[in-house]
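I have placed the structure first, in the form of structure tokens, so that the comments after it can refer back to it.
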């Protein structure tokens with residue numbers, strides 16, 4: 032019933048770290064995801080997050096963000112949050128659009144990715160809208176490609192078993208394939224679908240994406256459905272233009 036988000040600072044290139052400082056208010060379960068924090072053009076730091084009163088049986092999540100206008104010294108939570116049916120709105124991945132609006136792509140237990148927007152840098156959020164992208168209940172990653180300005184989205188492009196198999200109630204799997212898609216209109220439509228990993232019976236999920244030079248570095252966790260507790264982190268490196276070919 033109490034999972035908090037903390038911050039540490041380093042002034043020597045990560046050789047040593049300050050004591051942790053809690054940035055989320057007490058009470059409830061506050062989650063964040065790796066590789067989702069970023070800085071808005073205004074200087075505001077945006078940390079996507081999602082919250083539930085409890086973890087485990089009966090949990091229900093709403094998505095929003097923490098934000099800081101003083102380089103992380105003080106933090107505020109969005110005044111409104113995004114909610115959805117069933118298990119709620121989880122694991123938002125957020126990017127700044129060309130007009131300064133924030134676009135969040137959301138994990139759900141509804142069989143699709145949903146999206147929401149904020150026109151005040153994360154202080155309030157619109158209601159979530161369904162996208163045509165199938166997805167199990169799993170994390171995603173939304174980034175802008177520096178060299179082209181297009182958006183790229185990484186997620187598990189699959190119909191949840193609960194919607195494809197009448198004997199199953201599992202919305203969390205399959206987590207295969209791990210797919211990339213490109214949007215050239217600021218997230219209104221998606222195309223150029225390409226599978227990064229496609230392995231029957233495999234699990235490749237929770238992607239992160241870093242661009243350096245003319246390369247894209249994709250990391251994710253990998254295991255098989257037969258050995259799900261035993262997983263490893265993997266790295267795949269592509270030329271950035273791989274997303275377009």
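In the numbering used here, the protein residues as written are 32 to 276.
Glycine included, C-beta positions come from ideal geometry on N, C-alpha and C.
Please read all numbers here as calculations on a predicted model, not as lab measurements.
Look at the alpha carbon of residue i and the alpha carbon of residue j, and state the distance between them as a whole number of angstroms.
| i | j | result |
| --- | --- | --- |
| residue 165 | residue 220 | 14 angstroms |
| residue 207 | residue 149 | 30 angstroms |
| residue 246 | residue 174 | 14 angstroms |
| residue 193 | residue 200 | 4 angstroms |
| residue 92 | residue 115 | 8 angstroms |
| residue 182 | residue 172 | 11 angstroms |
| residue 156 | residue 113 | 7 angstroms |
| residue 118 | residue 141 | 9 angstroms |
| residue 76 | residue 110 | 16 angstroms |
| residue 44 | residue 196 | 50 angstroms |
| residue 215 | residue 137 | 20 angstroms |
| residue 191 | residue 176 | 29 angstroms |
| residue 147 | residue 158 | 6 angstroms |
| residue 106 | residue 36 | 11 angstroms |
| residue 189 | residue 42 | 43 angstroms |
| residue 237 | residue 218 | 20 angstroms |
For residue i, count the other beta carbons within 10 Å of its own beta carbon; 16 or more makes it buried, fewer makes it exposed. Which is it?
| i | result |
| --- | --- |
| residue 224 | exposed |
| residue 275 | exposed |
| residue 232 | exposed |
| residue 323 | Here the chain has residues from 32 to 276 only, and residue 323 is not among them. |
| residue 95 | buried |
| residue 70 | exposed |
| residue 265 | exposed |
| residue 170 | buried |
| residue 139 | buried |
| residue 48 | exposed |
| residue 259 | exposed |
| residue 180 | exposed |
I'd like to know whether the C-beta of residue i is nearer than 9 angstroms to at least one C-beta of chain D.
| i | result |
| --- | --- |
| residue 56 | Of the protein chains in the structure, only one exists, and it is not chain D. |
Using a threshold of 9 angstroms, state whether the C-beta atoms of residue i and residue j are closer than that.
| i | j | result |
| --- | --- | --- |
| residue 73 | residue 152 | yes |
| residue 62 | residue 120 | no |
| residue 133 | residue 125 | yes |
| residue 57 | residue 33 | yes |
| residue 202 | residue 167 | yes |
| residue 227 | residue 184 | no |
In its own chain, which residues sit with a C-beta less than 6 angstroms from the C-beta of residue i, not counting the 5 before and 5 after it?
| i | result |
| --- | --- |
| residue 84 | 59 |
| residue 68 | 78 |
| residue 269 | 247 |
So residue i and residue j are supposed to be a Cβ contact under 8 angstroms. How far apart are they, rounded?
| i | j | result |
| --- | --- | --- |
| residue 38 | residue 103 | 6 angstroms |
| residue 271 | residue 178 | 6 angstroms |
CB-CB under 7 angstroms to residue i, same chain, minus the five flanking residues each way: which ones, in chain order?
| i | result |
| --- | --- |
| residue 65 | 239 |
| residue 54 | 36, 37, 38, 97, 106 |
| residue 234 | 206, 207, 253, 254, 255, 256, 259 |
Taking 8 angstroms as the limit between beta carbons, can you name the residues of its chain near residue i, skipping five residues before and five after?
| i | result |
| --- | --- |
| residue 257 | 232 |
| residue 263 | 252, 253, 254 |
| residue 51 | 37, 38, 39 |
For residue i, verify whether its CB is less than 8 angstroms away from any heavy atom of the ligand COA.
| i | result |
| --- | --- |
| residue 109 | Annotation note on the ligand COA: not contained in the displayed structure, which lists no ligands. |
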